[in-house]
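Just below is one structure, and these are the notes that go with it.
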Amino acid sequence: MTKPGKELLFLALGGSGEIGMNVNLYGTQGKWVMVDCGITFADPAYPGIDLILPDLAFIEERRDDLLAIVLTHGHEDHIGALPYFAADLGVPLYATPFTAGLIQGKLDEEGIASRVELNIVRDLEPFQIGPFGFRYLPLAHSIPEGNALLIDTPYGKIFHTGDWKLDEAPQLGVPSTPAELSAVGDQGILAMVCDSTNVFNEQPSGSEGSVRADLDRVVGEAKGRVLVTTFASNAARLQTLGQVAKDTGRTMCVAGRSLDRILRVARANNYLQDFPETVDFDSAMRLPRDKVMIVATGGQGEARAALARVAEGSHQIKLEAGDTVVFSSKQIPGNEIAIGRIQNSLAAQGVEMITDRQAHVHVSGHPGRPELAEMYKWIRPEILLPVHGEMRHMAEQARFGLKQGVPKAIVQENGELLRLAPNGPVKLGHERVGRLVLDGDVILPADGTTMNERRKVALHGQISVAVAVDGSSRLKGSPEIKIQGIPVEEDRDAFMVDAIAAAAEAVKKGAKSEDALREQVRLAVRRRATHWTGKKPMVDVLLVRV
1 MTKPGKELLF LALGGSGEIG MNVNLYGTQG KWVMVDCGIT FADPAYPGID
51 LILPDLAFIE ERRDDLLAIV LTHGHEDHIG ALPYFAADLG VPLYATPFTA
101 GLIQGKLDEE GIASRVELNI VRDLEPFQIG PFGFRYLPLA HSIPEGNALL
151 IDTPYGKIFH TGDWKLDEAP QLGVPSTPAE LSAVGDQGIL AMVCDSTNVF
201 NEQPSGSEGS VRADLDRVVG EAKGRVLVTT FASNAARLQT LGQVAKDTGR
251 TMCVAGRSLD RILRVARANN YLQDFPETVD FDSAMRLPRD KVMIVATGGQ
301 GEARAALARV AEGSHQIKLE AGDTVVFSSK QIPGNEIAIG RIQNSLAAQG
351 VEMITDRQAH VHVSGHPGRP ELAEMYKWIR PEILLPVHGE MRHMAEQARF
401 GLKQGVPKAI VQENGELLRL APNGPVKLGH ERVGRLVLDG DVILPADGTT
451 MNERRKVALH GQISVAVAVD GSSRLKGSPE IKIQGIPVEE DRDAFMVDAI
501 AAAAEAVKKG AKSEDALREQ VRLAVRRRAT HWTGKKPMVD VLLVRV
């Protein structure tokens, strides 16, 4: 059992080697704290799955040593796993008010709010959790209350950036100034644990305030209805879009439950107070086409989000030729096909589309190289520890940081246990990590039996064979076969005849046991399927004694 001693340990259970699903552990003097507990969204490698969760077995086995979970901000890849793990882990949560509001809604929906202690950290007050001291330091991001954490330990201070950027004209909140960050660096920082997402970008990510001018122009020039899609959690962009609606004389309509939730929590925490009043779908459809602006979820191609349903015509909001859809978000790698499907559907209807390739309608919430260089200069860490990125992002940030004068850098991935102090950084070993999937209401291993079977069915199809035999295992009647997803099409009847014959012949050969007979039939039918299709389908055999 790994128990931190007189040392400072770091272990990522998610978010290192991938973008999303951030879970980071710090350990010292026998105790652990967790920073963030997020999810990621599924891709075609996980058929039927929407959400992927981190495997927290390492800390679940050590829950008596876990003191708390501290949340940096409210994005799903930082808080989304809490409804599935917080109650079982049984430790208090700490978050600033806006983030806490989002978490509270999740706990309420899951029906576990009474079982989870949620502590709201107001006015950025420092707080102590066992041997760890914490202080929130506001940084600009695309959601209110994006925060770095200054973590004070007996073996040195950690500056854990969370998600951040530099923004001279932030739309929500007041980020820490260069002077304030330099003062943090003056305290002496052992390690900076830093966002790597945009490390390959040679230019700064840009200010949220810079987006307004092009959005004003694009929306102002549009002749029909305008629908703008953005990340629901990008409250800074919602603030900008509210201003754009006022600038262009359009009435605002919001489509998407997650947008409604963000607006509700933001207003409850004194953000978006000047956001324009919105109208419902029916009212929006009755307004003159050039007097309405719809903000909708679904810019990443999510099948059940508002934009997908608008594009396929199953939503109350309708678009037609001459209308405009603005994609005010970055296309996340892996979503190209899903986004392209929606864009093709809109194009077929004569809807004009504007993306960040045609106009300056989006800026990222993560730091480019110039911003990283500035932060290194202010914080001056002894060790740079890149997180929040694929391996190529983290390795590049380590190289870049060393070139910028950071004395040490270390590249790790999920599961690699590091000692940061004393005498660090050094890798101590590898601990269990992995992925879980939320399949309906059940949490399963991402590479367990269920998902592996589903992948095989998706790739190769499935055949069910029912065979009746007497007490001496002699065939009675004719085998019955049902196929799903087997690519025989016009040859279906001929294939069925051949497969039935193969099953019957396999029974007639005899076998020493029922299990051996089932396997004989299974292999015979699969060989025929492979002969006809080149595929190796899953074959299930039901043996019935009559």
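Numbering (UniProt numbering), first residue to last: 1 to 546. Backbone N, C-alpha and C fix where the C-beta goes; we use that ideal spot for every residue, glycine too. Predicted, not measured: the structure shown is a model, and the values here were computed from it.
Under a Cβ-count criterion, where at least 16 other Cβ atoms within 10 Å of its own Cβ denotes burial, should residue i be classed as buried or exposed?
i, result
"P47", "exposed"
"T177", "exposed"
"residue 612", "Because the chain spans 1 through 546 in this model, residue 612 falls outside it and cannot be assessed."
"H531", "exposed"
"T197", "buried"
"R380", "buried"
"L384", "buried"
"T449", "exposed"
"V184", "buried"
"S233", "buried"
"E109", "exposed"
"R115", "exposed"
"S472", "exposed"
"N24", "buried"
"D167", "buried"
"N344", "exposed"
"A398", "buried"
"I337", "exposed"
"N423", "exposed"
"L372", "buried"
Taking only three categories from DSSP, how would you classify residue i?
i, result
"A303", "coil"
"E352", "strand"
"D515", "helix"
"K223", "coil"
"W32", "strand"
"F400", "helix"
"V546", "coil"
"L438", "strand"
"V184", "helix"
"F41", "strand"
"L124", "coil"
"I339", "helix"
"G313", "coil"
"F231", "coil"
"F134", "strand"
"V218", "helix"
"V193", "strand"
"V27", "In the sequence as presented, Val is not what sits at residue 27; that position holds Gly. G27: strand per DSSP, three-state reduction."
"K456", "helix"
"V525", "helix"
"A359", "coil"
"V541", "strand"
"L319", "coil"
"M21", "coil"
"A308", "helix"
"A296", "strand"
"T251", "strand"
"A446", "coil"
"T533", "helix"
Just confirm the distance between the C-beta atoms of residue i and residue j, as a whole number of angstroms; I'd bet it's less than 8 Å.
i, j, result
"residue 573", "I342", "The chain is shown only over 1 to 546; residue 573 falls outside these bounds and no answer can be derived."
"G38", "E76", "6 Å"
"L307", "D55", "Not really, about 32 Å apart at Cβ, beyond 8 Å."
"P83", "I112", "7 Å"
"M538", "E453", "7 Å"
"G429", "L417", "5 Å"
"V326", "V228", "4 Å"
"V254", "L215", "The Cβ separation is near 16 Å, so there is no contact."
Please list the terminal residues of the continuous beta strand (DSSP E) segment that includes residue i.
i, result
"S464", "Q462 to V469"
"R419", "E416 to A421"
"R289", "First-last for R289: undefined, no H or E at that position."
"E480", "E480 to Q484"
"V326", "T324 to F327"
"V387", "I383 to V387"
"L272", "Premise fails: L272 is in no beta strand (DSSP E) and is neither H nor E."
"G14", "L8 to G14"
Need the endpoints of the alpha helix (DSSP H) that residue i sits in, please.
i, result
"K377", "R369 to I379"
"R264", "R257 to A268"
"K427", "That residue, K427, is in no alpha helix (DSSP H); its beta strand (DSSP E) goes V426 to H430."
"I500", "R492 to K508"
"L241", "A235 to D247"
*Please list the segments of the alpha helix (DSSP H) lying wholly inside the region 54-120, counting only runs of 4 or more residues, in order along the chain.*
57-60, 76-79, 82-89 and 97-110
_Start-end ranges of the alpha helix (DSSP H) lying completely within the region 140-191, minimum 4 residues_ = 178-186
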